[in-house]
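Have a look at the structure below, then the notes.
Written out as structure tokens, the structure reads:
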């Protein structure tokens, strides 16, 4: 399903992803796009930038099931981007992360089914694969909820899928603006010289979601093939004249990230630019249970940032930095 001519709602729509998605959706001739978020100041600032008459701004929180049920009235497509994402903040405020990332996900699912929304894509994270921090654990639970939701929609047309990808270059909370800000001190703190991460641009992330709105059958977790980067290399490109200080891994942080584990690989198929983790149960697809196609993976396969076969060179890092270079 394309967004052209549709009514689209984005939860957490004032964030980095939401703003880029809205821009692209307007260019694709969406009929109406609703930004659903809880921060009135960010909505006001966004409304000054996006003055298109197809824009709507709804104040609300995904924790509020009644408000979601009202906001989803007449909506064709929902992109669920709202979440508490800061690893350390989630570690120190665990119940708040659960309320937003898990209970909020269930509220989105229920409202979508109640209102007959046709397609829902939830944004996930590499931290949801083999999670060691609470943020990753809540997003894994959210992923499971969205996949399983397809099994109890009944006769409703609603279908749910998940998009999982890595760090977004230049997004709020990204290490890129932090490195740019801190380099004026002459020192750049690095948690560990071995640390690696998957890397994707905002444009790529938004396009991947758009593409999977057309591909999705329901219950898939879509994973893009994206490059890895060593955090040390990133720091050297951004702040070549600065001294690096290795400060140690923060609570809940990994040395490397994974997007597909060995256990997931058994039900994953590969395509040219992406992977699809198929749902283990797909009773809603009884007419076409194996219609995904793709190439099955070796049972020992895993997709991890430190074993990836695509690494960013210094020049590619500069290209990824774009406006932040």
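In UniProt numbering, the protein residues as written are 1 to 325. Even glycine gets a Cβ: it sits at the ideal position worked out from N, Cα and C.
Expressed to the nearest angstrom, what Euclidean distance is found between the alpha-carbon atoms of residue i and residue j?
i           : j           : result
residue 312 : residue 230 : 8 angstroms
residue 320 : residue 22  : 21 angstroms
residue 308 : residue 237 : 21 angstroms
residue 299 : residue 198 : 22 angstroms
residue 325 : residue 246 : Note that residue 325 scores a pLDDT of 46, beneath 50, so its modelled location is shaky; the value from the coordinates is reported in the next line. The alpha-carbon atoms of residue 325 and residue 246 are separated by roughly 23 angstroms.
residue 176 : residue 280 : 37 angstroms
residue 141 : residue 48  : 36 angstroms
residue 273 : residue 134 : 30 angstroms
residue 152 : residue 194 : 44 angstroms
residue 44  : residue 241 : 39 angstroms
residue 278 : residue 186 : 48 angstroms
residue 103 : residue 315 : 42 angstroms
Please state if the CB of residue j and the CB of residue i are separated by a distance shorter than 7 angstroms.
i           : j           : result
residue 329 : residue 261 : Outside the modelled stretch of the chain, which goes from 1 to 325, sits residue 329, for which no answer is possible.
residue 188 : residue 121 : no
residue 158 : residue 97  : no
residue 109 : residue 149 : yes
residue 202 : residue 163 : no
residue 12  : residue 81  : yes
residue 24  : residue 206 : yes
residue 165 : residue 224 : yes
residue 295 : residue 270 : yes
Can you give the beta carbon distance from residue i to residue j, rounded, assuming they're within the 8 angstroms contact cut?
i           : j           : result
residue 182 : residue 244 : That belief does not hold up - the Cβ atoms of residue 182 and residue 244 are roughly 11 angstroms apart, past 8 angstroms.
residue 10  : residue 36  : 7 angstroms
residue 174 : residue 219 : So it is not a contact: roughly 30 angstroms between Cβ atoms.
residue 2   : residue 145 : So it is not a contact: roughly 26 angstroms between Cβ atoms.
residue 327 : residue 4   : The requested residue 327 is not part of the displayed model; the chain covers only 1 to 325.
residue 88  : residue 250 : 6 angstroms
Could you tell me which residues DSSP pairs with residue i in its beta bridges?
i           : result
residue 230 : 196
residue 319 : BP columns for residue 319 are empty, so no partner.
residue 221 : 162 and 277
Quiz item: At which residue ranges does the segment 164-218 contain complete beta strand (DSSP E) runs of 3 or more residues, listed in the order of the chain?
Solution: The segment 164-218 contains these whole beta strand (DSSP E) runs: 187-190 and 196-200.
Quiz item: Counting only runs that start and end within the segment 98-122, where is the alpha helix (DSSP H) found for 4 or more residues in a row?
Solution: As far as the segment 98-122 is concerned, its whole alpha helix (DSSP H) runs of at least 4 residues are 104-115.
Practice problem: Pick out the complete beta strand (DSSP E) segments inside the segment 21-92, 3 residues or longer, and give them in chain order. | Solution: 32-37, 55-59 and 77-80
Quiz prompt | Sequence ranges, alpha helix (DSSP H) only - wholly within the segment 248-272, length at least 4 | solution = Complete alpha helix (DSSP H) runs here, min 4: 262-265.
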